[in-house]
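Sequential numbering from 6 applies to the sequence shown in my numbering.
Yeah, the Cβ is synthetic: ideal placement off N, Cα and C, and Gly gets one too.
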Amino acid sequence: MKIERIQTGKVRIKENQISRAKGIIPPMAKVLFGKKWADWVPIYAWVIEHEEGIIVVDTGETYKTSVKGYLPKWHPYYALAVDFDVKPEDEIGPQLLKMGIDPKKDVDKVVLTHLHTDHAGGLHHFPNADILIERNEYKNASGLKGILAGYLPHRWPKWLQPTLIDLPESPYLSFDRSLPITKDGKVMIVATPGHVSDHISVIVEMDEVYYFLAGDTSYTQENLLNKVPDGIGTNESTQTLENILAFSREKPTIYLPSHDPLIPERMKNKGVIHW
Numbered sequence: 006m007k008i009e010r011i012q013t014g015k016v017r018i019k020e021n022q023i024s025r026a027k028g029i030i031p032p033m034a035k036v037l038f039g040k041k042w043a044d045w046v047p048i049y050a051w052v053i054e055h056e057e058g059i060i061v062v063d064t065g066e067t068y069k070t071s072v073k074g075y076l077p078k079w080h081p082y083y084a085l086a087v088d089f090d091v092k093p094e095d096e097i098g099p100q101l102l103k104m105g106i107d108p109k110k111d112v113d114k115v116v117l118t119h120l121h122t123d124h125a126g127g128l129h130h131f132p133n134a135d136i137l138i139e140r141n142e143y144k145n146a147s148g149l150k151g152i153l154a155g156y157l158p159h160r161w162p163k164w165l166q167p168t169l170i171d172l173p174e175s176p177y178l179s180f181d182r183s184l185p186i187t188k189d190g191k192v193m194i195v196a197t198p199g200h201v202s203d204h205i206s207v208i209v210e211m212d213e214v215y216y217f218l219a220g221d222t223s224y225t226q227e228n229l230l231n232k233v234p235d236g237i238g239t240n241e242s243t244q245t246l247e248n249i250l251a252f253s254r255e256k257p258t259i260y261l262p263s264h265d266p267l268i269p270e271r272m273k274n275k276g277v278i279h280w
């Protein structure tokens with residue numbers, strides 16, 4: 006088995022989104038009207054080469070975010086709180102082809118941690134894959150309700166007919182809901198609510214090390230270790246961070262959130278969380 010990261014461009018958000026600030030001002034207002042921008046960070050997607058087939062976790066962003074009219078600039082978040090830097094060659098499809106993987110023919114499954122555009126923007130490259138999305142996340146992200154919440158359902162491929170999953174109450178160490186997506190149980194989906202209410206993550210066991218493909222459970226490992234939730238998540242964020250830390254106490258865990266700039270170093274050195 007093998008895991009590869011693919012960087013699909015960069016994104017820049019406000020500092021108040023990366024770490025939740027205290028105070029009585031609503032969190033989204035702090036993000037929208039905060040003065041300080043964070044540094045540009047990568048947008049990672051993941052490729053798992055398993056004997057049962059190739060699994061992609063998240064699809065990264067599309068270069069169309071820089072095309073006028075693609076993002077709804079009437080939406081306060083897109084007008085005030087996020088910038089993208091993605092070129093056509095940064096998209097996951099062209100990068101997979103360079104790796105010798107045809108996204109239309111060779112990818113068996115695509116798992117989305119959630120449906121924000123920087124995780125679902127590359128969906129159009131996978132018309133023949135089985136696309137797994139948490140059922141309530143798909144419902145919450147769809148239609149006008151989804152657009153108002155900051156999703157871009159009108160940009161999803163018209164052919165999209167995902168496999169909607171419900172995680173059963175099947176404990177996997179510190180996580181109370183989980184679902185194996187390979188017969189050997191080496192690739193598991195676990196419930197990690199917080200960034201959005203039905204966020205999921207993927208844990209890959211390889212050579213007795215557990216690679217935690219974390220989506221947006223936190224933006225950095227530092228925030229995980231300090232139990233600092235992001236600035237726009239739900240109240241479930243803190244418990245999810247506790248669950249991840251509890252898991253890492255039981256198993257050697259390499260924590261891989263989607264926007265942590267230290268991930269290349271962590272993967273190269275097999276940098277597990279130390280206790």
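Problem - Exposed unless 16 or more other CB atoms sit within 10 angstroms - verdict on THR168 - result: Position 163 of the sequence shown, counted from the start, is the residue given in the question as residue 168. Exposed is the call here.
Practice task
Using the DSSP secondary-structure output, state which residues sit across from LEU261 in a beta bridge.
Solution key: As a position in the sequence shown, residue 261 is number 256, starting the count at 1. LEU218, per the DSSP bridge assignment.
Problem - Segment limits, beta strand (DSSP E) that includes LYS56 - result: Along the sequence shown, one-based indexing puts residue 56 at 51. Lys is not the amino acid found at residue 56; the sequence shown has Glu there. Premise fails: GLU56 is in no beta strand (DSSP E) and is neither H nor E.
Problem - Where GLN226 sits in the DSSP three-state scheme - result: Here residue 226 refers to the residue found at position 221 when the sequence shown is read from its first residue. Here GLN226 sits in helix by DSSP.
Exercise for the section: Pair every Cβ in the stretch 153 to 171 with every Cβ in the stretch 213 to 220, then say whether three or more of these pairs are closer than 8 Å. Expected result: no
Practice task
Using alpha carbons as the reference points, say which of ARG17, TYR177 and GLY98 lies closest to LYS256.
Solution key: Your numbering for residue 256 matches position 251 in the sequence shown. When each option's Cα is compared against that of LYS256, the closest is TYR177.
Exercise for the section: Assign GLN100 to buried or exposed, taking buried as 16 or more other Cβ atoms, counted over all protein chains shown, within 10 Å of its Cβ. Expected result: Position 95 of the sequence shown holds residue 100. Classification for GLN100: buried.
Handout entry: Residues that ILE11 bridges to, as DSSP identifies them
Key = Reading the sequence shown from its first residue, position 6 is the one you call residue 11. According to DSSP, residue pairing for ILE11 in a beta bridge involves ALA50.
Practice task
Tell whether a beta-carbon distance below 9 Å holds between PRO47 and GLN12.
Solution key: Residue numbering aside, residue 47 sits at position 42 when the sequence shown is read from its first letter. Residue numbering aside, residue 12 sits at position 7 when the sequence shown is read from its first letter. Yes. Within cutoff.
Practice task
Take every Cβ of the stretch 241 to 252, pair it with every Cβ of the stretch 183 to 193, and state whether three or more of those distances are shorter than 8 Å.
Solution key: no
Handout entry: DSSP state of THR187 mapped onto helix, strand, coil
Key = Mapped onto the sequence shown, residue 187 falls at position 182. Note: THR187 maps to coil in three-state DSSP.
Exercise for the section: Have a look at GLY126 and VAL112 and give me their C-alpha separation to the nearest angstrom. Expected result: Taking the sequence shown and counting its residues from 1, one reaches residue 126 at position 121. Taking the sequence shown and counting its residues from 1, one reaches residue 112 at position 107. Cα to Cα, the separation comes out at about 17 Å.
Exercise for the section: Determine the closest residue to THR239 out of THR118, ASP203 and ASN248, with distance taken between C-alpha atoms. Expected result: Your numbering for residue 239 matches position 234 in the sequence shown. When each option's Cα is compared against that of THR239, the closest is ASP203.
Exercise for the section: Return the chain-ordered list of same chain residues with a C-beta closer than 6 Å to the C-beta of GLY58, the five sequence neighbours on each side being excluded. Expected result: Indexing the sequence shown from 1 puts residue 58 at position 53. ASP113, listed in sequence order.
Practice task
Answer yes or no: do GLU296 and GLY14 have a C-beta to C-beta separation smaller than 9 Å?
Solution key: This structure cannot speak to residue 296, because the chain is shown only from 6 to 280.
Problem - Candidates HIS129, THR70, LYS41 and ILE259, of which the one nearest VAL207 by Cα - result: As a first step, residue 207 is located in the sequence shown; it is residue number 202 there, counting from the start. Closest by alpha carbon: ILE259.
Practice task
Scan the stretch 135 to 197 and note each continuous alpha helix (DSSP H) run of 4 residues or more that stays entirely inside, going in chain order.
Solution key: 140 to 146 and 148 to 153
Problem - The beta strand (DSSP E) enclosing ASP90, as first and last residue numbers - result: Within the sequence shown, numbered from 1, the residue matching residue 90 stands at position 85. 87 to 90 is the span of the beta strand (DSSP E), which, as asked, contains ASP90.
Exercise for the section: Look at the alpha carbon of ALA50 and the alpha carbon of ASP95, and state the distance between them as a whole number of angstroms. Expected result: Here residue 50 is taken as the residue at index 45 of the sequence shown, counted from 1. Here residue 95 is taken as the residue at index 90 of the sequence shown, counted from 1. Cα to Cα, the separation comes out at about 11 Å.
Exercise for the section: State the Cα-Cα distance for the pair SER253 and PRO266, rounded to the nearest angstrom. Expected result: What you label residue 253 is simply residue 248 of the sequence shown in a count that begins at 1. What you label residue 266 is simply residue 261 of the sequence shown in a count that begins at 1. Roughly 20 Å between the two C-alpha positions.
Handout entry: Nearest residue (CA-CA) to LEU117, options LEU102, PHE180, GLN226 and THR64
Key = Taking the sequence shown and counting its residues from 1, the one referred to as residue 117 is at position 112. Nearest of LEU102, PHE180, GLN226 and THR64 to LEU117, Cα basis: THR64.
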